[in-house]
Structures are given as structure tokens and as C-alpha cells.
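Visitor: Input: one structure, supplied below.
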Amino acid sequence: MMTVVEGLRKSIPYLGRHFFNAAGVPTFDLDKASQLFVAKKIDGIKAPASAPAGPEGTGAVDWLYLGDAGDSQGVSLVYRVLTAGGASHGCKAKGTDSTSYTTLYWFYG
Numbered sequence: 000m001m002t003v004v005e006g007l008r009k010s011i012p013y014l015g016r017h018f019f020n021a022a023g024v025p026t027f028d029l030d031k032a033s034q035l036f037v038a039k040k041i042d043g044i045k046a047p048a049s050a051p052a053g054p055e056g057t058g059a060v061d062w063l064y065l066g067d068a069g070d071s072q073g074v075s076l077v078y079r080v081l082t083a084g085g086a087s088h089g090c091k092a093k094g095t096d097s098t099s100y101t102t103l104y105w106f107y108g
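Position 46 of the sequence shown, counted from 1, bears residue number 45 in numbering that gives the first Met the number 0, the numbering being contiguous throughout.
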């Protein structure tokens, strides 16, 4: 699987996926690197006011410093920075929902 980013000369290779596990804990399954990160928030700051609002115009989600919540393999901390979009659009119904966003994740072992 390759992700195409307009304006880049090369495709970005697939590394893994980000989801919330059954307990609602943010999890990164970096299956192409045989690594797993189960996250807990250590710190965060608001995205700058100049950050792009994203494709849905909801505003940028916070920049985060995440630590290991236990059971991680090969990753000990992550930074989420340079966010564009992702702020909640105010879900009113029951069930699952999502808001599109783009960011840079920095993974450290």
C-alpha cells in the first residue's frame, strides 16, 4: 500500500495504522516495522492558530507528546506535530465517528 501526497516526487510507503483499541486506548500498529505502540498522553499544546483547518474546516487538533501505556514493542515515545484538521465537528449521534486530519508522527524506540 502506498500513500500518494500531491506535490511529492516519491510515494510514501505504508508503515502501519493508528486506531483506538477495545479499551479506547490510542494504538499504533506499525506492522511493516514489527512494532506496536500503546499510547498515553504525557503532554500537549494547542496547535498554532495559523495551523490549517483541514478538509472539513474543523481546526487543527493539539500537538502531543505520547508515552508508553504498557505492552508497546519497539517504540517508547511519539510526538504528534504539524497537525491540519482533526478537531471534532461535534458528533450528535451514538456510534462511531471520525474527522479527517493530517499530521507528522515522530516515533522513537
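In this text, a Cβ means the ideal position worked out from N, Cα and C, and glycines have one as well.
1) Quick one: using the 10 Å Cβ neighbour count with 16 as the cut-off for buried, is ALA59 buried or exposed?
2) So, under 8 Å CB-CB, VAL74 and GLY108 are touching, yes? Tell me the CB distance rounded to an integer number of Å.
3) Please name the residue, chosen from GLY85, PRO54, GLY94, that lies closest to ALA46 on a Cα-to-Cα basis.
4) CB VAL24 to CB ALA52, shorter than 8 Å?
5) Given that a residue counts as buried once 16 or more other Cβ atoms are within 10 Å of its Cβ, and exposed if not, what is SER87?
6) Would you report the Cα separation of MET0 and ALA38, rounded to the nearest angstrom?
7) Since THR82 and TRP62 are thought to touch, with beta carbons under 8 Å apart, how far apart are those beta carbons, to the nearest angstrom?
8) Enumerated in chain order, which unbroken segments of the beta strand (DSSP E) with a length of 3 residues or greater are wholly contained in the stretch 60-104?
9) CB ILE41 to CB TYR64, shorter than 8 Å?
Guide: The short version:
1) buried
2) 6 Å
3) GLY85
4) no
5) exposed
6) In this prediction, MET0 scores a pLDDT of 49, lower than 50, which makes its location untrustworthy; the coordinate-derived value is nonetheless stated afterwards. Each residue's Cα considered, the two are about 25 Å apart.
7) 6 Å
8) 62-67, 76-84
9) yes
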